[in-house]
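J.:
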Amino acid sequence: MTVSTAALATSNHLIVKERPTPANIAVWILIWAELTEFALFFVIYLVVRSHNPELFSAGPARLNTLAGVLNTLALLTSSYCVARAMAAIRAGHRKLCMKWLAWTLAMGLSYCAIKAWEYQWNGAAGINSRTDLFFTLYYYLTFNHLLHVLVGMCTIGWAMLRLHWGAFDQQQHEGLEGAACYWHMIDLAWIIIFPLLYVLR
Amino acid sequence: MSEFKYRKRRNWLSERQVLIAVWSLLMALTLLSALTAEAADPALWTVLFISLIISLKGQLVVDRLMGLRHANPAIRYTMLSYFYLLPLLIVWALIFPEQLAWLTTL
Chain W
1 MTVSTAALAT SNHLIVKERP TPANIAVWIL IWAELTEFAL FFVIYLVVRS
51 HNPELFSAGP ARLNTLAGVL NTLALLTSSY CVARAMAAIR AGHRKLCMKW
101 LAWTLAMGLS YCAIKAWEYQ WNGAAGINSR TDLFFTLYYY LTFNHLLHVL
151 VGMCTIGWAM LRLHWGAFDQ QQHEGLEGAA CYWHMIDLAW IIIFPLLYVL
201 R
Chain U
202 MSEFKYRKRR NWLSERQVLI AVWSLLMALT LLSALTAEAA DPALWTVLFI
252 SLIISLKGQL VVDRLMGLRH ANPAIRYTML SYFYLLPLLI VWALIFPEQL
302 AWLTTL
């Protein structure tokens, strides 16, 4: 191995070592608990669907697909923003990190606004949580997810305050990683909710 | 600029490019699944295709956006298994609903 290759290998090794598992074990236990809760909802949805195939086949066509798509795009973009914020803090750019966290919050707010519009649209179409079993599960899943988005927004907001107060920098940003991982978890749950409720007919 | 600083900067730029590519792919996969819902009749291939998209999107978020690609394997594979098992469960439940209904009838 030449000196330059060794330096490259060493450098690459350092880069890998610079990216250990984000956050701490408590955050991961919380994330696993939340994902398990959502997984139970998904299993319940599939079991009820297997007993009422016609009802669940017709249900998605009555929903506002555009709202579902826009919500998915907003959440995926928010996950991208939070990943950019983490890349910025790792590179030591605190202001840039703050900017990307603000974009994350803006995407979260967009999600809430679209969801409010969707619920209003449903109401105008005569759809509510007691319309049938499909819509009961639809409201249960989406409202529960909306609550998680609100909690995630509070977490990101708190992380922004701590960043502003100087609690995070290039070397120490574990709390910020925890908030970012929680936000990604919310996105992960929606990645399954969207096709289950809006796409699969 | 020292060699190390140069490598670090180059690596950060490369990470940004990867994130943009992943975000674009996630957008495209979402639009593709929405188009499938609107254009295609419910069929076996639709269920398989949508489940594959769920799995791909989950893996992209876990590995690239969450940054678990080089993380502790126990945490990474636990997260990834969510996007292997649930799509399989969805495929099974939608293709063989009678079986699931029979198993869950008291």
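Those sequence lines, one after another, are chains W and U. Using this note's numbering, the final residue of the first sequence is 201, and nothing's skipped along the way. Using this note's numbering, the final residue of the second sequence is 307, and nothing's skipped along the way. All C-beta atoms in this analysis are idealised placements derived from N, C-alpha and C, irrespective of residue type, glycine included.
(1) When the Cα of Arg217 (chain U) is compared with those of W:Thr155, W:His164, W:Leu96, W:His148, which residue comes out closest?
(2) Under three-state DSSP, which class holds Gly166 (chain W)?
(3) Take Leu197 (chain W) and list the residues in its own chain whose beta-carbon comes closer than 6 Å to its own, dropping the five residues that flank it on each side.
(4) Is it right to say Tyr285 (chain U) is buried, meaning 16 or more other beta carbons lie within 10 angstroms of its own, or is it exposed?
(5) Apart from the five residues on each side of it in sequence, which residues of its chain come closer than 7 Å, Cβ to Cβ, to Tyr80 (chain W)?
(6) What number of angstroms, rounded off, separates the C-alpha of Met185 (chain W) from the C-alpha of Thr72 (chain W)?
(7) With a CB to CB cut of under 6 Å and the five nearest residues on each side skipped, what residues in its chain are close to Thr104 (chain W)?
(8) Where do the ends of the alpha helix (DSSP H) carrying Val69 (chain W) lie?
(9) Have a look at W:Asp169, W:Leu70, W:Trp117 and flag the residue whose alpha-carbon is nearest the alpha-carbon of Leu232 (chain U).
(10) In angstroms, rounded to a whole number, what distance separates the CA positions of Lys258 (chain U) and Leu66 (chain W)?
(11) Can you find a CB in chain U that lies within less than 9 Å of the CB of Arg62 (chain W)?
(12) Closest Cβ-Cβ distance between Ala240 (chain U) and chain C: below 9 Å?
(13) Report the three-state DSSP secondary structure of Gln218 (chain U) (helix, strand or coil).
(14) Give me, in chain order, the residues of the same chain whose beta-carbon lies closer than 8 Å to that of Gln260 (chain U); leave out the 5 immediate sequence neighbours on both sides.
(15) For the alpha helix (DSSP H) holding Val248 (chain U), just list the boundary residues, first then last.
(16) Contact criterion: CB-CB distance below 9 Å. Does Leu176 (chain W) meet it with respect to chain U?
(17) Do you know whose CA, among U:Gln300, U:Leu220, U:Leu227, lies nearest Ala74 (chain W)'s CA?
(18) Taking Phe56 (chain W) as the reference, which of W:Gly126, W:Leu35, W:Thr131, W:Ser110 has the closest Cα?
(19) Taking the alpha helix (DSSP H) that Leu43 (chain W) belongs to, which residues open and close that run?
(20) Any beta carbon of chain W sitting closer than 9 Å to that of Leu289 (chain U)?
(21) Rounded C-beta distance between Ala33 (chain W) and Leu101 (chain W)? I'm assuming under 8 Å.
(22) Should Thr72 (chain W) be flagged as near chain U, meaning a C-beta pair shorter than 9 Å?
(23) For Phe297 (chain U), does the three-state DSSP call read helix, strand or coil?
(24) Terminal residues of the continuous alpha helix (DSSP H) containing Gln171 (chain W)?
T.: By the coordinates alone:
(1) Comparing Cα positions, the closest option is W:Leu96.
(2) Coil.
(3) Within the same chain, Leu197 (chain W) has close Cβ partners Tyr138.
(4) By the neighbour-count rule (16 or more Cβ atoms within 10 Å), Tyr285 (chain U) is not buried but exposed.
(5) The answer is none, since no qualifying residue turns up.
(6) Taking the straight line joining both Cα atoms gives about 14 Å.
(7) Excluding positions up to five away in sequence, the list reads Ser78, Cys81, Val82, Ile156.
(8) For Val69 (chain W), the enclosing alpha helix (DSSP H) covers residues 65 to 90.
(9) In terms of Cα proximity to Leu232 (chain U), the closest of W:Asp169, W:Leu70, W:Trp117 is W:Leu70.
(10) Their backbone Cα atoms lie some 19 Å apart in a straight line.
(11) Not one beta carbon of chain U lies nearer than 9 Å to the beta carbon of Arg62 (chain W).
(12) Of the protein chains in this structure, namely W and U, none is chain C.
(13) Secondary structure of Gln218 (chain U) (DSSP, three-state): helix.
(14) The beta carbon of Gln260 (chain U) lies closer than 8 Å to those of Leu281, Phe284 in the same chain, with the five residues before and after it left out.
(15) That run of the alpha helix (DSSP H) goes 245 to 261.
(16) So, not an interface residue.
(17) With distances taken between CA atoms, Ala74 (chain W) lies nearest to U:Leu227 out of U:Gln300, U:Leu220, U:Leu227.
(18) Of W:Gly126, W:Leu35, W:Thr131, W:Ser110, the residue nearest in Cα terms is W:Thr131.
(19) A small fix is needed here, since residue 43 (chain W) is Val in this sequence, not Leu. Residues 25 to 51.
(20) No, its Cβ sits nowhere closer than 9 Å to a Cβ of chain W.
(21) With 8 Å as the limit, Ala33 (chain W) and Leu101 (chain W) do not qualify as a contact, their Cβ atoms being about 25 Å apart.
(22) With 9 Å as the cut-off, Thr72 (chain W) counts as an interface residue toward chain U.
(23) When secondary structure is reduced to three states using DSSP, Phe297 (chain U) falls in the coil class, being assigned neither helix nor strand.
(24) Element bounds for Gln171 (chain W): n/a, residue is neither H nor E.
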